[in-house]
Amino acid sequence: VAKVGHPRPQGRRGIGHTRWATHGEPTDVNAPPHTSMYGHFVLVHNGIIENYAELKTKLEHRGYTFKSETDTEVLVNLIEYIYLRGKITPEIAVRLALYKVVGAYGICVFSPDEPRTLIAARLGSPLVVGVGDGEYFVASDATPIAAHTQSVILMNDGDVAIMNDEGLELKTIRNERLKPEVKLIDWDVEDTDLGHFEHYMLKEIYEQPKSIRDTFRGRVNAEQHMIKLGGLLDVMPRLCDAQRIVIVGCGTSWHAGIVGEYLLEDLARIPVEVEYASEFRYRNPILSPNDVVLAISQSGETADTLAAIQLAKHKGALVLGICNVVGSSISRQTNAGVYTHAGPEIGVASTKAFTAQVTVLAMLASLLGYKRGHLSEEQHHEFICGLLEVPDKVEHILQSSDLIKQVAQQYYQATNFLFLGRGYMFPVALEGALKLKEISYIHAEGYPAAEIKHGPIALIDEYMPVVILAPRDRSYEKVVSNIQEVKARHGKVIAIVTEGDTVVRELADYCIEIPQSLPVVEALLAVVPLQLLSYHIAVLRGCNVDRPRNLAKSVTVE
Numbered sequence: 059v060a061k062v063g064h065p066r067p068q069g070r071r072g073i074g075h076t077r078w079a080t081h082g083e084p085t086d087v088n089a090p091p092h093t094s095m096y097g098h099f100v101l102v103h104n105g106i107i108e109n110y111a112e113l114k115t116k117l118e119h120r121g122y123t124f125k126s127e128t129d130t131e132v133l134v135n136l137i138e139y140i141y142l143r144g145k146i147t148p149e150i151a152v153r154l155a156l157y158k159v160v161g162a163y164g165i166c167v168f169s170p171d172e173p174r175t176l177i178a179a180r181l182g183s184p185l186v187v188g189v190g191d192g193e194y195f196v197a198s199d200a201t202p203i204a205a206h207t208q209s210v211i212l213m214n215d216g217d218v219a220i221m222n223d224e225g226l227e228l229k230t231i232r233n234e235r236l237k238p239e240v241k242l243i244d245w246d247v248e249d250t251d252l253g254h255f256e257h258y259m260l261k262e263i264y265e266q267p268k269s270i271r272d273t274f275r276g277r278v279n280a281e282q283h284m285i286k287l288g289g290l291l292d293v294m295p296r297l298c299d300a301q302r303i304v305i306v307g308c309g310t311s312w313h314a315g316i317v318g319e320y321l322l323e324d325l326a327r328i329p330v331e332v333e334y335a336s337e338f339r340y341r342n343p344i345l346s347p348n349d350v351v352l353a354i355s356q357s358g359e360t361a362d363t364l365a366a367i368q369l370a371k372h373k374g375a376l377v378l379g380i381c382n383v384v385g386s387s388i389s390r391q392t393n394a395g396v397y398t399h400a401g402p403e404i405g406v407a408s409t410k411a412f413t414a415q416v417t418v419l420a421m422l423a424s425l426l427g428y429k430r431g432h433l434s435e436e437q438h439h440e441f442i443c444g445l446l447e448v449p450d451k452v453e454h455i456l457q458s459s460d461l462i463k464q465v466a467q468q469y470y471q472a473t474n475f476l477f478l479g480r481g482y483m484f485p486v487a488l489e490g491a492l493k494l495k496e497i498s499y500i501h502a503e504g505y506p507a508a509e510i511k512h513g514p515i516a517l518i519d520e521y522m523p524v525v526i527l528a529p530r531d532r533s534y535e536k537v538v539s540n541i542q543e544v545k546a547r548h549g550k551v552i553a554i555v556t557e558g559d560t561v562v563r564e565l566a567d568y569c570i571e572i573p574q575s576l577p578v579v580e581a582l583l584a585v586v587p588l589q590l591l592s593y594h595i596a597v598l599r600g601c602n603v604d605r606p607r608n609l610a611k612s613v614t615v616e
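So the sequence shown is numbered by the working numbering: it starts at 59 and just counts up by one.
Structure representation (structure tokens):
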């Protein structure tokens with residue numbers, strides 16, 4: 059408010075929205091809130107109204123004009139048109155208007171005709187109502203509410219909430235009364251505080267030892283050689299008998315899914331496919347009741363992943379979820395699942411959620427491998443011990459931040475990056491490239507290291523930094539050959555290597571070390587230097603690290 063030069067507004071009710079542009083450019087005229095033509099309604103909206111063009115044409119024929127290019131302005135005018143024509147209450151007008159809408163929405167509506175009332179509704183777009191002491195808060199997830207109250211109502215599709223001085227009333231769009239179920243957020247307010255860190259992303263990178271331990275807590279017992287995933291107990295027989303697992307996710311969660319594919323096939327010997335949720339839902343995938351679909355999402359509200367879940371359930375598959383936000387839509391719509399317990403992730407670029415997701419997938423893979431007879435008790439125990447060492451090793455890697463910052467200072471002005479890896483390091487390369495392009499706006503691509511000779515090698519010259527993941531695993535010698543290929547074309551090599559490596563150090567321009575570990579958990583270590591490298595490059599370029607342009611933390615639109 060101070061930034062735009064206006065005094066702090068007075069009042070007891072207010073609505074606002076940080077818009078992710080879908081219909082129309084991000085301009086003042088397209089920015090919410092939107093007011094209806096005759097001023098009877100003000101509305102903010104998250105989602106996409108798919109039939110907005112048809113509704114807009116009908117309203118124009120009835121004399122309505124529009125200032126913006128948005129679907130939101132169409133909705134607020136539709137509500138007003140129904141309100142004025144029917145001489146009804148604002149609440150009834152909202153419910154009747156929503157009957158005519160095709161698409162997804164999370165809305166909050168205010169009418170000067172009933173100035174003490176706010177109306178919220180959702181369909182296919184998340185909405186949470188925070189319940190305070192004589193006050194209510196409406197948001198798309200619980201994170202911004204946590205500083206004000208830990209009591210929330212998780213709205214379901216088709217719900218309408220009416221809030222006024224007398225309290226809160228919850229009903230369906232069909233006017234059926236519902237009993238609000240208040241849940242407690244288990245996050246501490248300090249979890250959303252920056253503390254001494256400059257950015258949330260850096261804070262969350264440094265929180266990874268804790269978030270990984272929290273994901274272990276109550277689930278891993280090294281002394282008893284045991285992994286217990288309580289959220290999957292009821293479906294474990296069906297999971298052990300699965301003929302195939304299909305993992306669906308978007309962005310970073312998709313990369314975690316690829317690590318999961320390698321882990322599950324390596325340890326549990328179950329065939330696994332990994333699909334972009336946005337592609338899976340528009341194909342006609344072959345699924346049977348003997349298949350398991352595993353949906354991964356930090357927020358638990360990713361629109362495409364939710365749609366993929368519905369498709370999988372329709373086809374009879376067992377649908378499981380891995381998500382971070384307790385009570386999210388994915389956790390409520392799947393048959394069973396596992397929470398990562400990584401805590402709030404505020405930075406748009408996901409960091410600790412990735413390592414927490416991989417941690418869950420690693421536990422699941424070892425547990426299934428043991429139960430299916432593909433891992434001996436000794437091998438299962440060795441894996442558990444290796445997994446439990448990860449948090450301490452991540453803490454050790456974080457001590458290299460100053461070295462990584464020096465590397466960033468050498469290459470932050472580059473216009474292109476390549477990230478290369480083999481085996482478990484390939485999805486890590488993909489994730490490293492995504493982090494860099496997300497927050498620094500540098501074009502970056504991740505590739506299997508062997509694939510550079512099939513095209514990308516044509517791009518390599520003295521101006522091309524190439525990040526190569528080269529831990530001492532079964533692909534080590536092959537990766538060394540790839541490094542030599544890059545150097546022969548004058549590329550600049552930044553190598554992620556196992557501590558004590560001397561071979562790669564002689565070839566690379568810079569080496570960043572990670573501790574020796576089991577190959578099946580090295581992805582949890584190797585990704586951390588890439589997160590720090592991306593962070594330092596973005597800061598040096600003056601980018602908004604926590605709020606990159608054009609990106610949203612939770613992609614709740616299709």
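Glycine included, C-beta positions come from ideal geometry on N, C-alpha and C. Note that the coordinates shown come from a computational prediction; the quantities given were computed from them, not determined experimentally.
By alpha-carbon distance to residue 538, the top candidate from 480, 595, 108 and 499 is 480.
By the C-beta density criterion, residue 392 is buried, having at least 16 other C-beta atoms within 10 angstroms. Between residue 600 and the set 471, 358, 508 and 145, the nearest pair of CA atoms involves 471. Within its own chain, the residues whose Cβ lies closer than 8 Å to the Cβ of residue 271, once the five positions on either side in sequence are excluded, are 449, listed in chain order. The region 407-420 makes no contact with the region 431-440; the number of CB pairs closer than 8 Å stays below 3. Contact annotation: the region 520-527 touches the region 549-569, with at least three C-beta pairs closer than 8 Å.
DSSP, read as helix, strand or coil, puts residue 601 in coil. The secondary-structure analysis by DSSP pairs residue 569 across a beta bridge with 553. For residue 250, the three-state secondary structure derived from DSSP is helix. Taken through DSSP and simplified to helix, strand or coil, residue 179 comes out as strand. The three-state reading of DSSP puts residue 125 in coil, since its state is none of H, G, I, E or B.
Under the three-state reduction of DSSP, residue 284 is assigned to strand.
For residue 326, no beta strand (DSSP E) segment is defined, and its DSSP state is neither H nor E. Straight through space, the alpha carbons of residue 468 and residue 494 are spaced by roughly 15 Å. If you look at residue 483, you'll find it isn't in any beta strand (DSSP E); it sits in the alpha helix (DSSP H) that goes 483-498.
Scanning the region 394-419 for uninterrupted beta strand (DSSP E) segments of 3 residues or longer gives 394-397, listed from N- to C-terminal end. Residue 168 and residue 96 have their C-alpha atoms spaced approximately 14 Å apart. Assigned with DSSP and collapsed to three states, residue 449 falls in helix.
Residue burial is scored here from C-beta neighbours: residue 327 has fewer than 16 other C-beta atoms within 10 angstroms and is therefore classed as exposed. Residue 459 sits in a helix when the DSSP states are folded into three classes. DSSP places residue 217 within a strand segment (E or B) once states are collapsed to three. Distances from the CA of residue 109 to each of 484, 547 and 132 were compared; the closest alpha carbon is that of 132. With a beta-carbon spacing of about 18 Å, residue 208 and residue 185 fall beyond the 8 Å limit used to define contacts. Considering only 359, 345 and 397, the residue with the shortest C-alpha distance to residue 376 is 345.
Take residue 325, set aside five residues on each side of it, and the residues of its chain with a beta-carbon closer than 8 Å to its own are 423, 424, 426, 427, 432, 433, 441 and 578, in chain order. Comparing alpha carbon positions, the residue from 166, 159 and 121 closest to residue 99 is 166.
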